[in-house]
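I have placed the structure first, in the form of structure tokens, so that the comments after it can refer back to it.
Chains as they are written, first to last, in this note's numbering: chain A, 139 to 409; chain B, 89 to 377.
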């Protein structure tokens with residue numbers, strides 16, 4: 139699109155930005171209310187609800203569980219996706235398409251279906267409510283994201299580099315470790331971060347399979363909201379929003395958020 | 089067979105083994121087990137019975153209570169899809185036209201919410217919607233309405249919040265399509281004397297349509313199976329299939345019926361998505377073929 143935006147386009151765009159930002163901004167504002175109920179902080183700003191949050195053992199415990207779960211499942215997902223991406227991008231083998239479809243299929247199954255499927259399965263094999271069970275289910279959920287990011291990264295690598303290393307006598311493993319892996323690292327890291335935040339935020343599937351000792355932060359928030367909505371949930375949400383902002387900036391620096399979400403970078407001559 | 093094995097390179101097989109095993113074991117088996125579970129009977133006293141029949145499905149199809157919830161789910165998903173098209177498609181065009189650094193900044197604004205927990209985003213709408221919420225304050229302040237509008241526990245509220253949650257997928261889909269286009273075509277239309285409206289209708293819209301179709305499939309599928317947003321905005325009073333499944337599993341403890349409901353939802357979503365996809369392909373083949 140070469141033409142520029144006219145008045146009506148910019149007016150529409152302004153309304154769009156308000157629509158997108160309003161609920162997010164409102165949550166953040168209300169978290170700073172000095173009152174005991176949800177309200178805009180018109181009579182001064184207070185950190186009392188963040189203090190209450192820090193003193194709430196349940197939310198703090200859930201925050202830790204979510205951090206651990208996100209880190210563990212993102213790491214496992216990256217470890218199995220790196221070889222899988224190598225196989226899909228670099229080799230042609232029987233069943234390649236079927237394998238790719240299998241790896242991407244968690245995207246097609248609604249989270250609610252995954253939730254009930256894992257609940258039944260884990261309770262049958264005696265793993266319900268365990269952190270191991272949660273990790274496995276989250277790995278499956280995030281493998282598509284990690285795999286796609288790493289495949290993008292591998293695909294944009296010049297394979298002549300590999301051939302050069304090989305022709306200089308480097309073994310396949312050494313070529314991978316010294317050439318391919320370092321060059322794919324930004325992609326792997328981006329995939330890891332995207333997987334981490336996806337796992338950290340997941341609620342629909344997790345609410346079915348998390349146990350009393352393994353309640354993740356979004357699940358705890360969800361269960362709390364079902365009972366009552368007070369400034370404490372606004373404070374928790376603000377923490378989640380700030381985490382998302384941090385992840386967004388990391389991803390944008392590392393990989394380019396547009397490239398990550400829309401595929402290749404928009405062909406913008408100004409960039 | 090031996091020749092095949094000799095020709096078969098073991099490296100890619102070994103490389104794909106960990107992911108293949110994990111997904112095969114922990115995705116395909118649980119899904120199959122759920123399908124079997126949906127055929128079993130349940131009684132409050134003895135739990136899940138080992139009889140296998142289609143009774144759960146018969147109950148879902150014959151009881152109007154379930155029919156109403158499936159209809160509501162389809163209606164909210166369809167309306168959400170329409171709303172994301174109306175907001176997302178024009179915005180994608182506007183974003184594509186932007187120059188650096190504005191495009192980068194507003195891409196973050198448009199797509200960034202994807203990284204924020206659905207619960208947080210929906211909570212924001214719950215705060216805006218309340219009868220003393222900001223939306224009602226503004227509308228009454230502007231003199232547009234006399235009494236507060238009810239958004240919580242209504243389909244309108246669920247549709248607005250769901251559209252907000254799923255909007256990034258429509259924008260991504262339309263922008264992906266726009267990127268493949270030649271920007272000069274639009275200029276050509278203007279230079280040949282077409283008006284802005286004609287250019288939009290005859291040049292931009294046909295080019296954007298495949299992206300809108302693809303985005304609609306994604307948004308509809310996700311809206312139809314959404315859980316967190318309808319649970320928070322709709323609550324117990326306004327059930328959709330996903331929140332009904334949750335209730336069957338955690339409160340009624342009727343897992344077989346819950347499994348049947350979840351699988352039925354899954355199958356319907358797949359049928360709609362595949363059907364829509366084929367419709368789109370046929371249409372675009374005619375357009376461009």
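Quick reminder that beta carbons are idealized off the backbone N, C-alpha and C, glycines included.
These figures come from a predicted structure and were not determined experimentally.
Out of 181(B), 227(B) and 229(B), the CA that lies nearest to the CA of residue 292(B) is found in 181(B). Between the stretch 253-264 of chain A and the stretch 127-143 of chain B there are fewer than three C-beta pairs closer than 8 Å, too few to call the two in contact. The stretch 182-196 of chain A makes no contact with the stretch 240-259 of chain A, as fewer than three CB pairs between them are under 8 Å. Cα atoms of residue 145(B) and residue 156(B): separation of roughly 15 Å, rounded to the nearest angstrom. Neighbours of residue 186(B) in chain A, taken as residues whose beta carbon is under 8 Å from its own, are 143 in chain order. Among the CB atoms of chain B, none fall inside 9 Å of the CB of residue 365(A). As far as DSSP is concerned, residue 176(B) takes part in no beta bridge.
Of the other Cβ atoms in all chains shown, 16 or more fall within 10 Å of the Cβ of residue 276(A); this residue is therefore buried. Counting the other CB atoms within 10 Å of its CB gives residue 325(B) a total below 16, which places it among the exposed residues. Look at the stretch 339-353 of chain B: the residues with a C-beta under 8 Å from a C-beta of chain A are 343, 346, 347, 350, 351 and 353. Residue 140(B): member of the beta strand (DSSP E) spanning 135-140, first to last residue. Taking a contact as a CB-CB distance under 8 Å, the pair residue 357(A) and residue 374(A) does not count as one, their CB atoms being some 12 Å apart. Contiguous alpha helix (DSSP H) elements confined to the stretch 273-337 of chain A occur at 297-305 and 310-313, taking only those with 4 or more residues.
Within the same chain, Cβ atoms closer than 6 Å to the Cβ of residue 208(A) are found at 334, 337 and 338, the five residues on either side in sequence being excluded. A Cβ-Cβ distance of about 6 Å is found for the pair residue 354(A) and residue 200(A), placing them in contact under the 8 Å criterion.
Non-local beta-carbon contacts of residue 262(B) in its own chain, meaning distances under 8 Å to residues more than five positions away in sequence, involve 176, 177, 180, 181, 296, 299, 300 and 303 in chain order.
For residue 164(B), there are no C-beta contacts with chain A under 9 Å, since the nearest C-beta of that chain is about 15 Å from it. For residue 393(A), there is no enclosing beta strand (DSSP E), as DSSP gives it neither H nor E. The contact set of residue 162(A) on chain B, defined by CB atoms closer than 8 Å, consists of 201, 204, 208, 209 and 212 in chain order. Here the C-alpha atom of residue 232(B) lies approximately 38 Å from the C-alpha atom of residue 189(B). Between residue 321(A) and residue 285(A), the CB-CB gap reaches or exceeds 9 Å. Here DSSP, grouped into helix, strand and coil, assigns residue 167(A) to helix. In terms of Cβ geometry, residue 341(B) and residue 313(B) do not form a close pair [threshold 9 Å].
Rounded to the nearest angstrom, the gap between the Cα atoms of residue 271(B) and residue 147(A) is 18 Å.
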